[in-house]
Amino acid sequence: MSHTASTRRPARRAPLRMTEYLVSIWNRYLEEHPHTRTLPAIVPLVVHSAAHGRPWNTPTELSELIDLDPGTRTTLGDHVPSLRLFLDDLTTVDLETLRERPLTPAARLVFVFHKIVPGNAHLGTDLLAQIPDLQAVIEAPGSLDDLRSLVKYIFLVGETSEDDLAPVIDQLGPRAKEVVMTTAEQLRAKGHAEGLAEGQAEALTDLLTIKFGPLPIEVTDQIAKAEVTQLRTWLRSVLTATTLDEVFDHA
Numbered sequence: 025m026s027h028t029a030s031t032r033r034p035a036r037r038a039p040l041r042m043t044e045y046l047v048s049i050w051n052r053y054l055e056e057h058p059h060t061r062t063l064p065a066i067v068p069l070v071v072h073s074a075a076h077g078r079p080w081n082t083p084t085e086l087s088e089l090i091d092l093d094p095g096t097r098t099t100l101g102d103h104v105p106s107l108r109l110f111l112d113d114l115t116t117v118d119l120e121t122l123r124e125r126p127l128t129p130a131a132r133l134v135f136v137f138h139k140i141v142p143g144n145a146h147l148g149t150d151l152l153a154q155i156p157d158l159q160a161v162i163e164a165p166g167s168l169d170d171l172r173s174l175v176k177y178i179f180l181v182g183e184t185s186e187d188d189l190a191p192v193i194d195q196l197g198p199r200a201k202e203v204v205m206t207t208a209e210q211l212r213a214k215g216h217a218e219g220l221a222e223g224q225a226e227a228l229t230d231l232l233t234i235k236f237g238p239l240p241i242e243v244t245d246q247i248a249k250a251e252v253t254q255l256r257t258w259l260r261s262v263l264t265a266t267t268l269d270e271v272f273d274h275a
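According to this note's numbering, the sequence shown is numbered sequentially starting from 25.
Below is the structure:
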């Protein structure tokens with residue numbers, strides 16, 4: 025299987041973070057399969073995007089982080105721990121090429137959202153090209169929860185209103201309209217500080233659970249106690265973080 029992580033800033037310790045994440049997956053697998061003698065294969069893929077187009081410029085291999093002089097490195101050879109990341113640097117890919125990638129509709133939406141959601145006040149126009157993928161997600165079994173989480177992310181991270189989304193909603197039909205309007209109404213109803221924090225905490229919990237699985241109790245407690253500004257910062261980090269720790273490193 026593969027494990028994909030996303031970033032918006034080149035993270036020098038990404039190979040180490042990915043190693044930690046893979047070990048966590050394997051440990052969970054061993055707990056669930058105590059009699060196994062092997063581990064599942066995991067291919068680590070890092071997807072990088074950046075608002076200002078800065079390409080990835082940090083190590084992609086664990087051995088590059090280990091402090092060794094060249095002679096010792098040569099002597100040790102393959103004994104130096106190494107994990108090489110597959111790097112998908114979206115700063116080198118234009119939006120049209122990204123939209124034509126041979127991926128599942130849901131995966132394409134995630135990649136495109138990296139480029140077009142944060143701070144976008146006119147997302148409705150940009151999403152018109154994604155109508156086929158959005159329609160496919162809506163029609164997939166049990167997919168409305170995924171759509172609801174994406175809509176929450178749009179409203180909380182972007183600058184887009186329901187009116188701006190109207191052309192997209194009209195083409196996607198009543199099920200999508202209900203999700204968009206209901207989500208917008210729920211967030212508006214929580215417009216005061218406490219309500220907004222509660223809505224953002226719920227959205228953050230949903231997005232983290234979708235990406236990382238069930239959350240530790242200490243994480244849910246941290247979210248419940250956070251202020252609005254902190255929750256918003258964490259929300260902006262969800263789709264771009266490699267691990268849970270990386271989300272909460274953003275103060």
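Each residue gets a CB set at the ideal place from its N, CA and C atoms; glycine is no exception.
Per DSSP, cross-strand counterpart(s) of residue i
i     : result
Glu85 : Arg108
Local conformation of residue i per DSSP, three classes
i      : result
Pro68  : strand
Asp113 : strand
Asn144 : coil
Ser48  : helix
Thr128 : coil
Ala35  : coil
Thr253 : helix
His103 : helix
Glu120 : helix
His59  : coil
Ile90  : coil
Ser261 : helix
Gln78  : Strictly speaking, residue 78 in this sequence is Arg, with Gln absent from that position. Of the three classes helix, strand and coil, the one that applies to Arg78 here is coil, per DSSP.
Gly182 : coil
Ala225 : helix
Gly95  : helix
Pro240 : coil
Thr233 : helix
Thr267 : coil
Ala164 : coil
Ser173 : helix
Asp188 : helix
C-beta atoms of residue i and residue j nearer than 8 Å
i      : j      : result
Val204 : Val175 : yes
Thr266 : Ala35  : yes
Gly148 : Asp188 : yes
Glu85  : Arg108 : yes
Leu268 : Leu231 : no
Leu239 : Thr229 : yes
Ser87  : Pro105 : yes
Asp169 : Val161 : no
Phe288 : Val192 : Since the displayed the chain opens at 25 and closes at 275, residue 288 lies outside it and no answer follows.
Leu54  : Phe137 : no
Glu251 : Ala221 : yes
Leu158 : Leu196 : yes
With 16 other Cβ atoms within 10 Å as the buried cut-off, status of residue i
i      : result
Ala38  : buried
Gly237 : exposed
Asn81  : exposed
Ile247 : buried
Val47  : exposed
Ile241 : exposed
Leu259 : buried
Arg61  : exposed
Ile178 : buried
Arg52  : exposed
Leu63  : exposed
Leu255 : buried
His146 : exposed
Gly166 : exposed
Thr207 : buried
Thr96  : exposed
Thr116 : exposed
Ala225 : buried
Ala227 : buried
Arg212 : exposed
Glu120 : exposed
Leu92  : exposed
Leu41  : What sits at residue 41 in the sequence shown is Arg, not Leu. Buried: at least 16 other Cβ atoms inside 10 Å.
Glu270 : buried
Ala65  : exposed
Would you be able to state if there are at least three C-beta pairs under 8 Å between the stretch 99-114 and the stretch 150-158? no
Is the stretch 122-138 close to the stretch 92-104, with three or more CB pairs under 8 Å? no
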